[in-house]
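Asker: Just passing along the structure, written as structure tokens.
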Amino acid sequence: STTAQVVHSAGRRFIVSPVPESRLREQ
Amino acid sequence: AEDTGVRVELNEEDDGKKSSIALKLWVEDPKKLKGKYKDTGAIEFTFNLANEDPEVVAQEMVESGFFLDCDVKVVGKSIRDRVALIKWRRERTVSPGN
Numbered sequence: 006s007t008t009a010q011v012v013h014s015a016g017r018r019f020i021v022s023p024v025p026e027s028r029l030r031e032q
Numbered sequence: 064a065e066d067t068g069v070r071v072e073l074n075e076e077d078d079g080k081k082s083s084i085a086l087k088l089w090v091e092d093p094k095k096l097k098g099k100y101k102d103t104g105a106i107e108f109t110f111n112l113a114n115e116d117p118e119v120v121a122q123e124m125v126e127s128g129f130f131l132d133c134d135v136k137v138v139g140k141s142i143r144d145r146v147a148l149i150k151w152r153r154e155r156t157v158s159p160g161n
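Set out below in structure tokens:
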């Protein structure tokens, strides 16, 4: 339910968020 | 595109002009990965269509602990396929002729 941020050493930001609803419908 | 078990989608409206675009990646089918996958959710990131390499981003995801090294190719391919589709769509929407 929360987002987390990971910053790679190269400077790129990765933000972790909940998987989109559409994914649940496809399964 | 081939079903790699890893889904990559646009995370913003593509105006067809920006070189950096927001993408979102998540694992739809962990069984298609070689390594053990820890379900961390969706990973949002920006990708520069003009000068970035999908495989490099995949490697950064591995180094950040999202995936194991053995899956770097499948993650890179998933990003590459989506990027190719975005570029293809952009080419199609360019008005033909003058």
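Heads up: the protein sequence lines correspond to chains A and B, in order.
Using my numbering, the first residue of the first sequence is number 6, and each one after it goes up by one.
Using my numbering, the first residue of the second sequence is number 64, and each one after it goes up by one.
We put the beta carbon where it would ideally sit given N, CA and C, even for glycine.
The structure displayed is predicted, hence computed values, not measured ones.
1. According to DSSP, is B:L73 part of a helix, a strand, or is it coil?
2. Would you say B:I84 faces chain C, with C-beta separation under 8 angstroms as the test?
3. Looking at the secondary structure, which residues open and close the alpha helix (DSSP H) in which B:A147 lies?
4. Less than 8 angstroms between the C-beta atoms of B:V69 and B:F110, yes or no?
5. Residues in the same chain with beta-carbon distance under 8 angstroms from B:T156, minus the five sequence neighbours each way, listed in chain order, please.
6. Could you tell me the distance, in whole angstroms, from the CA atom of B:V137 to the CA atom of B:K101?
7. According to DSSP, is B:A105 part of a helix, a strand, or is it coil?
8. Run through DSSP, which three-state label would B:K95 get?
9. Can a CB atom of chain A be found closer than 8 angstroms to the CB of B:I106?
10. Since B:T67 meets chain A, which of its residues come closer than 9 angstroms, beta carbon to beta carbon?
11. Within 8 angstroms (strictly less), CB to CB, does B:E75 reach chain A?
12. Would a check of beta-carbon distances place B:T156 closer than 8 angstroms to chain A?
Answerer: Quick answer:
1. B:L73: strand per DSSP, three-state reduction.
2. Protein chains in the displayed structure are A and B, and chain C is not among them.
3. Annotation: the continuous alpha helix (DSSP H) that includes B:A147 extends over V135 to T156.
4. B:F110 sits away from B:V69, with the two beta carbons spaced by 8 angstroms or more.
5. Excluding sequence neighbours, B:T156 sits near G79.
6. Pairing B:V137 with B:K101, the inter-Cα distance amounts to about 16 angstroms.
7. Strand.
8. In this structure, DSSP gives B:K95 a helical state, which the three-state scheme calls helix.
9. Yes, B:I106 counts as interfacial toward chain A.
10. Here the premise fails: no neighbours, minimum Cβ distance about 14 angstroms.
11. Under the 8 angstroms criterion on CB atoms, B:E75 is classed as non-interfacial with respect to chain A.
12. Cβ-Cβ to chain A under 8 angstroms: no for B:T156.
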